[in-house]
Amino acid sequence: MTYQPRAPNQSADENNTNRRLYNPYQDLHHLHSKPSIYQLPSSPEFLFQEESQAQRRSWGENLTYYTGIGYLAGASAGAAKGFSSGIKSIEPTDTLKLKINRILNGSGHAGRQIGNRCGIIGLLFAGLESGMVAVRDTDDVINSVVAGLGTGALYKAAAGVRSAAVAGAIGGVVVGLAVTGKQVVKRYIPI
1 MTYQPRAPNQ SADENNTNRR LYNPYQDLHH LHSKPSIYQL PSSPEFLFQE ESQAQRRSWG
61 ENLTYYTGIG YLAGASAGAA KGFSSGIKSI EPTDTLKLKI NRILNGSGHA GRQIGNRCGI
121 IGLLFAGLES GMVAVRDTDD VINSVVAGLG TGALYKAAAG VRSAAVAGAI GGVVVGLAVT
181 GKQVVKRYIP I
């Protein structure tokens, strides 16, 4: 209740007769009967109608997704590799503190290196795939496989033509297998 000053000749009973106390919780008793305060939609909401009809990520979302997934997978694999090399580098005379330091240094160093490499591969793949979709104006398996070929070739381009060709072939095969595996999973496993 807020303080209301009263006149000097007014008694306390006269002041309270025309006023009531404010209770901020008086209307909240019905909230316990409802299952939820908010009725949120279960389908995604879009700002523009064109966005609701598109069945693929935008180029920016694609870039963020593949770069992030690549870095995360590479950093995890690199940390595991660094962990094993850190274990192998432990000497019998090392103290516990030194053993832990070797393991952490090995995990961090290898995790950063491999994570950065895989993040760059994801970045190249996302850019090439989004470019293929923009050029061809369709979204199909061909875009992904060609982006895989181009990613491998671009990643190893500095090592020479032969290395770039082999890496491009490996990239195309890996992406082809991944796309085929995704189609098999969609067909036989209800998600």
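Per UniProt numbering, the sequence shown runs over residues 1 to 191. The C-beta atom is built at its ideal place from N, Cα and C for all residues, glycine as well. Note that the structure is predicted; figures quoted are calculated from it, not measured.
Item: Meets three-Cβ-pair contact criterion under 8 Å: the region 139-153 and the region 175-188; Value: yes
Item: Whole runs of the alpha helix (DSSP H) within the region 57-129, excluding any shorter than 4 residues; Value: 59-88
Item: Stretch pair the region 125-144 + the region 77-89: three plus CB contacts closer than 8 Å; Value: no
Item: Minimum C-alpha distance to residue 62 - residue among 188, 157, 139, 189; Value: 139
Item: Distance between residue 121 and residue 165 (C-alpha atoms, nearest Å); Value: 16 Å
Item: Where the alpha helix (DSSP H) through residue 170 begins and ends; Value: 161-188
Item: Cβ shell of residue 171 (< 7 Å), same chain only, five flanking positions each side left out; Value: 148, 149, 151, 152
Item: C-beta atoms of residue 70 and residue 118 nearer than 8 Å; Value: yes
Item: Assigned secondary structure, residue 252 (DSSP; H/G/I helix, E/B strand, else coil); Value: This structure leaves residue 252 out entirely; the chain is present only between 1 and 191.
Item: Cβ neighbour criterion (16 or more within 10 Å) applied to residue 156; Value: buried
Item: Residue 65 vs residue 57 beta-carbon contact at 8 Å; Value: yes
Item: For residue 21, the three-state DSSP class (helix, strand or coil); Value: coil
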